[in-house]
Structure formats: C-alpha cells, structure tokens
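S.K.: Numbering (my numbering), first residue to last: 337 to 1344. Glycine is no exception: its CB is placed at the ideal position from the N, C-alpha and C atoms. Owing to the predicted nature of the structure, the values given are computational and were not obtained by experimental measurement.
1. Using CA atoms only, rank isn't needed, just tell me which of 413, 357, 348 and 443 is closest to residue 399.
2. Can you tell me which of 372, 383 and 371 puts its alpha carbon nearest to the alpha carbon of residue 341?
3. What residue range is occupied by the uninterrupted alpha helix (DSSP H) comprising residue 1000?
4. Hey, residue 650 and residue 1041 are a contact pair by Cβ (cut 8 Å); roughly how many whole angstroms apart?
5. Please classify residue 372 as buried or exposed, where buried requires at least 16 neighbouring CB atoms within 10 angstroms.
6. Check whether the Cβ of residue 362 lies closer than 7 Å to any heavy atom of the ligand GDP, and answer yes or no.
7. Which full runs of the alpha helix (DSSP H) of 4+ residues lie inside the region 339 to 411, going along the chain?
8. Work out the CA separation of residue 432 and residue 456 for me, nearest whole Å.
9. Identify the residues that DSSP records as bridge partners of residue 1284: which are they?
10. Should residue 421 be labelled buried (16 or more other beta-carbon atoms within 10 Å of its own) or exposed?
11. To the nearest angstrom, how far is the alpha carbon of residue 820 from that of residue 845?
12. Please name the residue in 345, 792, 867 and 776 whose C-alpha comes closest to that of residue 814.
13. Taking the straight line between their C-alpha atoms, what separation do you get for residue 508 and residue 533?
14. Quickly, what does DSSP pair residue 468 with across the bridge? List them, please.
15. When you compare the region 745 to 764 with the region 875 to 882, are there three or more beta-carbon pairs, one atom per stretch, that lie closer than 8 Å?
16. What span of residues does the alpha helix (DSSP H) with residue 534 cover, start to end?
17. Output needed for residue 909: all residues of its chain with C-beta closer than 8 Å, excluding positions within five of it in sequence on either side, in chain order.
18. If I'm right that residue 1280 touches residue 1311 with Cβ under 8 Å, what's the distance once you round it to whole angstroms?
19. Hey, could you find the ends of the alpha helix (DSSP H) residue 1342 is sitting in?
20. Quick check: the Cα distance between residue 550 and residue 563, rounded to an integer number of angstroms?
21. What would DSSP say about residue 591, mapped onto helix, strand or coil?
22. Among 1072, 987 and 512, which has the Cα closest to the Cα of residue 1166?
23. Just the Cα atoms here: how many angstroms apart are residue 1199 and residue 1243?
24. Using the Cβ count rule (16 or more neighbours within 10 Å means buried), how would you classify residue 500?
25. Terminal residues of the continuous beta strand (DSSP E) containing residue 432?
26. From 811, 847, 1010 and 808, pick the residue whose C-alpha is nearest to that of residue 827; which is it?
27. Please state whether DSSP places residue 1211 in a helix, a strand or coil.
28. For residue 570, count the other beta carbons within 10 Å of its own beta carbon; 16 or more makes it buried, fewer makes it exposed. Which is it?
29. Around the C-beta of residue 782, are 16 or more other C-beta atoms found within 10 angstroms, so that it is buried, or is it exposed?
30. With 8 Å set as the bound, which would you pick, yes or no: does the beta-carbon of residue 348 sit closer than that to a beta-carbon of chain C?
31. Would you call residue 438 buried or exposed, if buried means 16 or more other Cβ atoms sit within 10 Å of its Cβ?
32. In the DSSP output, what is residue 1133 paired with across the bridge?
33. Leaving out the 5 sequence neighbours to the left and right, which residues in its chain are closer than 7 Å to residue 644 when beta-carbon positions are compared?
34. Would you report the Cα separation of residue 1203 and residue 1309, rounded to the nearest angstrom?
35. Taking only three categories from DSSP, how would you classify residue 544?
36. Given a cut-off of 8 Å, decide if residue 1246 and residue 362 are closer than it, judged by their beta-carbon atoms.
In structure tokens, the structure reads:
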C-alpha cells in the first residue's frame, strides 16, 4: 500500500488539512509534542479499517464539530483506490470505496459499512492487526512484541502468523475424538448387551418347534368338530325355518282374527250411528221451529247490548265529572282547614304568651338570688387560683416521699436476696473447685489430641501429594506405553519402517527394534504396576488416617464447650471468694435501712416542706365542697335568666299575633263561600246534570236485559240440535254404504283364516317328526370355544417366539453392524487424535514457527548488522529444558518458549538485559523483519513503512545509525514515514512534513 493523498476534515486535532504524498520516498513528520503528528497516521488507519487510538467512536471528531471526514487515496497491487469514511456525532458512519478507471473513480461500495469493509480487505489483502504489527511502528508500541515474557512471545507470534485457526481445528478434532470415543464406548456396551440376548436363540427355536406341533394337533381336532357342528347346524337351520314359518303363519292367523273382530266392532258401531241418525231425522220439524225461536231471541239481545254500551259510557263519564267536582271541593276544604289551623295556633300562642307574662314577679326574685350566688362563686374561684399550685406541690411531695419509701423497701429486699445468694455461693465453693480441676484435666488431654490431629492431617496431605505425583507419573507412563503400543502395531506390518528415522528396516534391524520396543514396553508396564501398588497402599493409608481423623475430631467436638465451661466455673469460684466480705457489708446496710423505715426519718427536707404547705392551706380556709355547693347554687337559679329572655320575646310576639288574626278570619269566610259556589254553579255541576238527563232518555233496564240473556241461554240447545240435524242428513247415506263394505270384508277374512289354520296344523306335524339338535350344538360350541382359546394362546405364544426370533436375527445383524461401526469409530478416534496432535501447539503450529523463525532470524540479523555496525547478532530459542531438579535425562521435559539471545563483543545475553538504545535497535530490526514476513504471508507487498517516535531513546551515534539504516533499507520500500519531535533530526531528511498546533487546529506544511 503506497499513499497518494490524504484529506482531513475535523479529524482529532485537524480542522481542514490536505497532504499529497506524490514525490515522497523517505520523509520525516516533525513537530512538537501534541501537535498532531501521530493523528496524521491515525487518520490512515481510521479511513481504511475504522480503527484508531480513540476510546469511543465519536472521540475522533474534532472538539466542537459535528461531523468528521477522511479521504485517503493510495496504490495497491498496481491499482489506485480511494476510501472515504465519514461519521456524524451520535450517529452511525458511512464508508465509500472506489477504484480508478480510465473514465475516473468507480464505486465499489457494498451494502452497508461491514460489506464495504470486507471488500477493502479483499483488495488490499492486509488487515488492521497485521498492519500495526508490521508496517506501522506506533507510538509507545514499537517494543510491544519484545516486552512480553518469553513464554508469551510464541503465542503472540502465532497470532501474528494467523495460526489461531489451527487452534480451532485442534479443538474441533478433539471434540470429534471425544465424540467418537464416547460413541465407541456406547457401542461396546450395546454389543455386550446384544451378545447376552443372542444367547437365547437356541432355547427360542426349541420352544417354537414344540409349540408348532401342539398347535397342529389342536387345529386337526378343531376342524373335525367344526364339520360335525356344521351338519348339526344344517338340521337346526331347517327346524328354525319351520319354526319361523309357523310363527309367521300364526301371526297372520292372529292378525286376521283381530281384523275380523275389528270389523265386527266397526259394523256394530255403524249400525248404532245409523239408529241415532234416524232418531234425529224423525225430529226435523220440531228442531227447525226451536231454532227459529232462538234466532229471534238473539236479535233482541243484540239491541239491548247496544243500549247497555251507551248507558255504561254515560254513567262512567258522570262518575268522572263527580270525582273532578269532589276533588275541587276537597282542595278548597283543605285550604280552609290550613287557615283554620293557623288561626287555632295563633290563639294557642296568645294563651302561652299570657301565661309567660303572668310570671314576671317570680322571675325578678330569682334574678336577685342568681346575682348573689355568682358573687360567691367568684370569691371562691379567686381562692382556688391561690390554692391549686399549693395542692399540686403537696401531691408531688407526697408522691416523692412514697417513692423514696418504696425504693428503700425494694433495696432492702434486694439486699436480702443478695445475702441469700452469697450464702448459697459460699456453700458451693468446694464443689466448684473440684469441677474446675476435672474440666482442666479434660482440656489438657484434648490439647494433646489436637496436636496429634494436626500431625494426622499433615501426614494425610503428604500422602495425597504423593498420590498426585504418582498419578502424574502414571499418566506419563501410560502415554509412553500407548506410543510403544503404536510402534509395535506399526512394526507388525511386513513393510514396516523405522518409527524414528522412517527408513525401511531389514530383518535384523526389525528384530532389534521390536526387541528393544518390547523390553521398553515390559519395563514401562512393570513401572506402572509399581505405581499402582504404591497408590493402593497410599489409598489404604489415607483411609486409615481419615478414620483416625474422624474419631479424634469427634472427641474434640466438646473442646470449645469445655473451655467455656472452665471460664464460667473460674468466674463463679472467684465470686464465691469475696462472698464473706460482701455479706458483712450487706448486713450493715440492711440494719440502717430497717431503722430509717421504722423511724420515718428518710427525706427530711421533703417532709419539712410538706409541713409548711399544710399550715398555709389551713390559714386560707379553702374547701372544695363549699366551692362545689356555690356552683350548684348558680345552676339552680339560672332558670330566672332564661325566663327573663322568654318574657321579652313574648312581649314582641303578642303585637305580631294581634295584627295577624283579622287576616286569617277574612280568608276563612272567603273559602266557605267558594265551596257553596262549586257545588251549584260550577261547570262540572252543569255537565253532571246534562249526563243524568241523557241516561234517562236511553231507557236501559238491566232487569229486562238479564231476563232476555237467560232466555237466549235456554234456547241455545236448539242451535246444537239444528247442527246435528244437518250433519245427520249428510252422514246417513255414507254410513249405509260403509255398513255394506264392512260386511263383505269380514266374510273374506273369515275364509282366509280357515286356510291358515290348516297350514298351522301341517307345520306342527312336521316339527314333531324332527329331533331338536340344540343341546348337541351348544356342547360342541363350548368345546370349540375352549379349544379356540387354547389355539389363540398357542398362536399368541408362537407369535411372541417368532417376534423374539426375528428380533434376535435383527440383533445379530445389528451386532455385526455395530461391530463394524465400533471398528470405524476406533479408526476415526485414532485419526482425530492424531489430527488434534497435529493441529496442536506442538504440531503444525510449532513446525510453521520453526520454519518461520530461521527466516525471521536471518532477516533480523541482516538489518541489525547495519544498525550496530556488525556488533549485535540475534538468536531465537524455541525450547529449553525444565528446571525440575528431580527430573532425570529419561523423563526430562522440554518447555515451549521464545527466548531472544543477543550476542555482542562481551558474549551472549538475554534481550531483557540491554539498555534503551540497544533495545530499540534490536526492536527495530526484529519489527522490520517481522513486517516483511507478515506482508509476504498476507500476500501483499510491504511498500509502506511508518516509524512513530523511534529516536527518543537513541544517543547521537544510535540516531545516526538508525537514520543510516532507514536510508539503507529505503530501496526496499516505496514510502518511509518517520515521526519525531526532536528538531535536530529533521535536518537528516530531505523531505519533511511539519505539523504545527494553532487556534484553528493542527496545520500541515510540506517541505521537499
């Protein structure tokens, strides 16, 4: 990748900047610290890969700006490309990818940022990680690879070489190996189960043959009985046909008999109906006359019904008008009653007012008594105001004296209880001393057990560590034993080659290799047996130690409780030693308290204050009883005050009532006059008189109407008899015809019944001559049913045996198939095991690293010789022996590492021992060599080299050599960019890109 042009807008410290790389081969980007030198290079990585040193995506946007845009044009693989990446603060970004054509740039942008990024990587064949670990020596990260521990450098180199894909393949191979191993174990268990079931085949065949013979015999007997049953069923069928025919004929005979009886009954009924009709027809003249009379009465009743309707309507309307008139009169009467009620209430109030006014003299005397009582209460209230604080103070002093007395008595009781307790404690002192001694002996014994328990635990840990070492050695020997077994398997092949040198073996060498391998195999097996014996002995020792540990732990379970008990007993013993002195002090204090309580001389100041209060209260001569009597006297005469208010109110009300009374009397006279007018001259009264005149004109008589209705009901029977006459005239000819038809049908059915009786006698005679085989058939059917159940059982059992035989045959096939699957699984298991080893760290990855390191070492030494004047030489060490002092030559292990040894004039030393300047020269040489290697493996030519802050750790001679080295390797790169903040070094470069920080952001200037 060769840069052509870089256009920045609002990227980090840059507002607007454009840098044209045309004509730049080896250039220096210089400027003060923080001016934006590294930001210029970060813009390239952000444009192509979207990566930078910013923590958040929006951090690349210039402070105060809303949008960032980087336009980068470059050459790669003889093509010119253009990448434009933009982003708006708080939103997603946009990525454009273009390629130059004769007509201009053509867009290659995909659907979305991710798709476009994949297209960029596909064209330039270089990802971000490879770029920063090869072509871009970033600020502060030039020695990132070198500062890792030797054990981690190999892993980092593997990551740089993209060898982590082999880790995925290794894991997949291990997973497949585990799956095939589990499948093989499952198949082995299944084969063992199938093998046990296949052992039942011979027993199943014998049971099947015996059951088939029994089934054949039962089927023959069953066939003979079926033939005999069929012959009997033919006879029974013939007999059943005759019986069914007899039943059918008898049913027909019974039906004909019923028809004859029905026809006879119908014949009698028709004759009876004809007689009734003849009697009705003979009364034809009488019925017609009665029916004419009924019609005349009905017409008269209809005329009276019309008058009744008019009479009912007029009567109802008159009743409504009367109700309306009554309602109006009642309303006026109600108003009259209200006014009369008000007048009566007014008169009642006048009487009450007169009674109230008559008591004015008595009220005046009561008011004089009330005034005197109130003066007495006022005087007593003033005395109470003086006495109340003193009474409260007296109550408080009495309460305090009671509390002091109660405290003294409580203290006396407490001292008595303490005295009793101390006396009991002094009597328990010998017992406590004995208990303390016994508990101390038990604790001493447990202390010894705790020491022994610690020793048992340490010995158990020692045995477990010993077993772990044995298990590790056992696994190592088992692995070695498996390798020897594989060698022996390979040597069994006639065309076997040497497992070590992979050369063909003649018979003599083949025998030597086989004998040596077998000796090693036997020796390894013997060592494994020794390990197993040692592990078994150690397991038994651990079991004994665990049992002993549990027993001692159970004994020590009460250790903490005993220590706590000893402390409690010691405290109790200490308390009993001071009991005598405490008893003497308690006796003196109790005697003093009893004397104070008997004499009552406690709290003398309170008692004196109480005596003074009592004397002063006697001088004031205040009594609560007198005060209460005075209050009750005021309450007793308070009625006079109430009555006085009532007299004043009655005087005002009397004048009002005198003005209201004439008005009410005038209203009463007016309402009485209106009642008389409504009864005679109102509209409702005139309408009622007109309706009564109309009712008289209608002339309706309810008595005549009722008599006429009774006559109509009595003559109503002639209507029914007239209808019967008409029906008889219509039905009489039809019944005569029906009577003739019934007589003819009855004679025909009697003839047919006679024929059926002769047929019944013939069938009964045939049945009597034929025997009934029902019992024989039932017996045979029972035998056949029992034998059929036996056959079903035998057939079912035979079916189960055949199914079992079929299952066993299927199992045999399955057994053979699973054996083949087992062999296949074992083969696959071995294949994937070998693949897992091949893909592992010690397989292809190690081989590739071993192949890459010589190339990396040669390239590094070539560059380092230029930088150090042939004074430094690099050597990469990938494996070294372990530091375990107990390891022997036979079982010593090699540890994977990536040590860097540097040889100089004073000898060979590790990389970590070199100073900053020398370390950077070594870092620079290794990074350049690694850059070329990674670019070659990525399929891209390394045409751009960026060195960010590489001169800070160099002395003057080192800087000159580094510049000389850059100039020396300039021919290997199309463009080399070096970043530095040291002013005196920029003169060493003909082309310079100077970066300055201003108020408008970082500014660029190109000097060539």
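M.R.: If we stick to the structure as given:
1. 348
2. 383
3. 974 to 1016
4. About 16 Å; that fails the 8 Å criterion.
5. buried
6. No copy of the ligand GDP appears in this structure; indeed no ligand is present at all.
7. 373 to 385
8. 10 Å
9. 1315
10. buried
11. 17 Å
12. 867
13. 37 Å
14. BP columns for residue 468 are empty, so no partner.
15. no
16. 500 to 534
17. 765, 768, 769 and 772
18. 5 Å
19. No alpha helix (DSSP H) contains residue 1342, which is instead part of the beta strand (DSSP E) from 1337 to 1343.
20. 21 Å
21. helix
22. 512
23. 20 Å
24. exposed
25. 429 to 437
26. 847
27. strand
28. exposed
29. buried
30. Protein chain content of the structure displayed is limited to a single chain, and chain C is not contained in it.
31. exposed
32. According to DSSP, residue 1133 bridges with nothing at all.
33. 1036 and 1041
34. 17 Å
35. helix
36. no
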